[in-house]
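Since the structure comes first, as structure tokens, the remarks are kept for the end.
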Amino acid sequence: MARKLKTAPDLSMATAKPVQSAHTRDTNEKLANLDNTTKETVQRIDKVNNKITDLREQQRMRDPDTLGDKAFKLAFPALIGMVAGKAFQSVWNLVTNKVHPSPNDDEADRKQGLLMSVLFAAASAAFSTVVTTYSDKLTQSIVGRLQRKRK
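Going from the sequence shown to the working numbering is simple: count from 1 and add 126.
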């Protein structure tokens, strides 16, 4: 009697069915849920990002200031404030030299030095603030006139 040879079972991956345990199914479901949540989150972030970009573009389009206007509004008040501060310091030095012209009273000047320094700082800051505030207003009115002419 001839014996029939048994063929070996097919163990290739193409025909094999994966065995899933309950743990594997739960993990796959959680990953699928996480993937959906991630996609939703990215979509929401993209939506907010697009809205912010649109608002920026609208704001940029509504802004009537050109680059030159902005540079002028920055530089002019700073320059005026610096010139005013130097002018105030010159006037202060002229006044204090008239009050204490002699170098012989240096000891008395040293005693009053701190008080005079504080007084100079306060007066200079107040003067510079007033000048800078009015130069800001002047700059804004100049730029406003230029913008009206451009239209």
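From the three backbone atoms N, C-alpha and C, an ideal C-beta is built for every residue, glycine too.
- Cα atoms of residue 184 and residue 197: separation of roughly 22 Å, rounded to the nearest angstrom.
- Sorting 267, 210, 270 and 246 by C-alpha distance to the C-alpha of residue 256 places 210 at the top.
- Taking a cut-off of 8 Å on C-beta distances, the region 240 to 259 touches the region 209 to 224, as three or more cross pairs fall below it.
- Sixteen is the threshold: when 16 or more other Cβ atoms of the shown chains lie within 10 Å of the Cβ of residue 195, as they do, the residue is buried.
- If you ignore the 5 residues before and after residue 244, its C-beta comes within less than 7 Å of no other C-beta in its own chain.
- Here residue 262 really is in contact with residue 203; their C-beta atoms are around 5 Å apart, less than 8 Å.
- In the three-state scheme derived from DSSP, where H, G and I count as helix and E and B as strand, residue 156 is classed as helix.
- In the structure shown, residue 190 falls within a coil segment according to DSSP collapsed to helix, strand and coil.
- For residue 222, the closest C-alpha among the options 275, 246 and 251 is that of 246.
- Residue 277 carries a coil assignment under DSSP once its states are collapsed to helix, strand and coil.
- Around the beta carbon of residue 174, fewer than 16 other beta carbons lie within 10 angstroms, which makes this residue exposed.
- Scanning its chain for C-beta atoms nearer than 7 Å, with the 5 sequence neighbours on each side dropped, one finds around residue 218 the residues 246, in chain order.
- Here the alpha carbon of residue 188 sits roughly 53 Å from the alpha carbon of residue 239.
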